[in-house]
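Asker:
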Amino acid sequence: MAELADALSTVDIVVAATAATEPVLTHSVVRRALAGRDPDRGPLVLLDLAVPRDVGPGVATLPGVEVIDIDRMGTVLAGGPAATDAAAVDRIVAGEVESFLTWLRGADVAPTVAALRGRADDVVAAELSRLAQRRPDLTDDQRAEVARTVHRVVQRLLHQPTVRVRQLAAEPGGDQYAALLRELFDLQVPQTSPVDTVPDITPDGGQR
15 MAELADALST VDIVVAATAA TEPVLTHSVV RRALAGRDPD RGPLVLLDLA
65 VPRDVGPGVA TLPGVEVIDI DRMGTVLAGG PAATDAAAVD RIVAGEVESF
115 LTWLRGADVA PTVAALRGRA DDVVAAELSR LAQRRPDLTD DQRAEVARTV
165 HRVVQRLLHQ PTVRVRQLAA EPGGDQYAAL LRELFDLQVP QTSPVDTVPD
215 ITPDGGQR
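Set out below in structure tokens:
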């Protein structure tokens, strides 16, 4: 230990992080190092990162020694700006995760809504075709006006239900509403892969 004490007398800071089961920098070793140390030097700082500790009991009471161990660092960080920053980061991350999950749940119902609107368009097209066969006397302008009116009525009928199902689907467990729509209207919706549903993130953090 004489060599260790001699080495300690020539440095200002020591980082201790051994796997020793007993203290390495004992009271006697550090006291001997202080005896051979230039009194005009600053304090000897012992940064103890080991578990169990490398710095022995009582060393911190020696004059000219500053012991910083894991417990002390934890106490300082818990009450300092870093703790506030960490809490803020936690809130931001939690918010972004929830936003992403909400988007993901909403994205899951989008193909179902699109399929429902597609089914409605097909029904309208079929009915307009039958109308044209039954009423060949209608002019082009009359048929166009009928088509616009029917499309407008169908879109208005679908608007509120589709908006509501998107809102419900964005909530936890909301995938059941999309499944119910598919069952009620016998919709065939292709399964999307995670790559298809995950949005592109722009450099400013937005979505494309």
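Positions 15 to 222 (our numbering) are the ones given, in order, by the sequence shown. Just so you know, even glycine gets a beta-carbon here, dropped at the ideal spot from N, CA and C.
(1) Three or more C-beta pairs closer than 8 Å, one from the segment 155 to 174 and one from the segment 185 to 192: is that the case here?
(2) Counting only the same chain and skipping the five closest in sequence on each side, list residues whose C-beta sits under 7 Å from that of G70.
(3) Is the distance from the Cβ of P66 to the Cβ of T89 below 8 Å?
(4) Count the other CB atoms within 10 Å of the CB of L198; is the residue buried (16 or more) or exposed (fewer)?
(5) Quick one: give me the first and last residue of the alpha helix (DSSP H) that E36 is part of.
(6) May I ask you to report which of helix, strand or coil DSSP gives V25?
(7) Would you call D122 buried or exposed, if buried means 16 or more other Cβ atoms sit within 10 Å of its Cβ?
(8) How many Å lie between F114 and P204 at the Cα?
(9) Buried or exposed: which applies to D135, given that a residue is buried once 16 or more other Cβ atoms fall within 10 Å of its Cβ?
Answerer: So, to answer that:
(1) no
(2) P37, L39, T40 and H41
(3) no
(4) exposed
(5) Unbroken run through E36: none, as it is neither H nor E.
(6) coil
(7) buried
(8) 22 Å
(9) exposed
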